[in-house]
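Participant:
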Amino acid sequence: MDTAAMDRQTRAIAGSTIGRDFQWVTFTGVVSNLVTLYIISQGTEAVLATSALVVTTAIFVFLAGNNQMDQFKNWIADMDEQEAASYSGQFAKVAPFGLWKAVYSICFIVVALSQLYDLWV
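Okay, structure coming up:
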């Protein structure tokens with residue numbers, strides 16, 4: 866196998882890994898939010914502990930999810946000329962990462978704030 870083909874294969878594996886990690890971060894955040902939502906709906910007395918879980922989940926998802934999006938953006942910036950000239954490369958170069966990061970963050974922040982509201986009010 867020549868070096869260029871190995872480089873493309875390595876990049877494909879790296880891109881897949883970044884995507885998988887982002888999915889796991891999101892999955893972890895969603896499951897944690899569903900668990901805390903269930904705890905809240907059952908009328909918990911452990912308000913402070915549940916609040917800590919809500920806040921730490923929001924912080925984890927915010928930091929880890931945005932880090933994975935930045936990592937993917939950097940992965941796109943490292944494309945070679947052949948990859949950048951492809952349709953996928955052209956699409957990736959103009960991807961609205963700022964918008965995606967904002968929507969992703971806002972969704973998890975709104976869920977956290979609504980859970981905290983239900984706990985404390």
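In short: position in the sequence shown from 1, add 865, done, that's the working numbering.
Quick reminder that beta carbons are idealized off the backbone N, C-alpha and C, glycines included.
The structure presented is a predicted model; accordingly, all values stated were derived computationally and were not measured.
#1: Residues in the same chain with beta-carbon distance under 8 Å from Ile905, minus the five sequence neighbours each way, listed in chain order, please.
#2: Return helix, strand or coil for Thr875, following the three-state DSSP convention.
#3: Looking at C-beta atoms only, is the number of pairs between the stretch 944 to 962 and the stretch 887 to 897 that lie closer than 8 Å three or more?
#4: Tell me, please, whether the stretch 873 to 885 touches the stretch 916 to 932 by the rule of three or more beta-carbon pairs shorter than 8 Å.
#5: Does the Cβ-Cβ distance between Gln936 and Ile883 come in under 8 Å?
#6: Comparing alpha-carbon positions, which option in Met944, Val968, Thr891 lies nearest Asp872?
Facilitator: Taking the coordinates as given:
#1: What you label residue 905 is simply residue 40 of the sequence shown in a count that begins at 1. Closer than 8 Å at the Cβ level, and outside the excluded window around Ile905, lie Thr915, Gln980, Asp983, Leu984.
#2: Locating residue 875 in the sequence shown gives position 10, where the first residue counts as 1. Three-state result, Thr875: helix.
#3: no
#4: no
#5: Walking along the sequence shown from the start, residue 936 turns up at place 71. Walking along the sequence shown from the start, residue 883 turns up at place 18. Their beta carbons are under 8 Å apart, which means Gln936 touches Ile883 by this criterion.
#6: For the purposes of this step, residue 872 is identified with residue 7 of the sequence shown, where counting begins at 1. Ranking the options by Cα distance to Asp872, first place goes to Met944.
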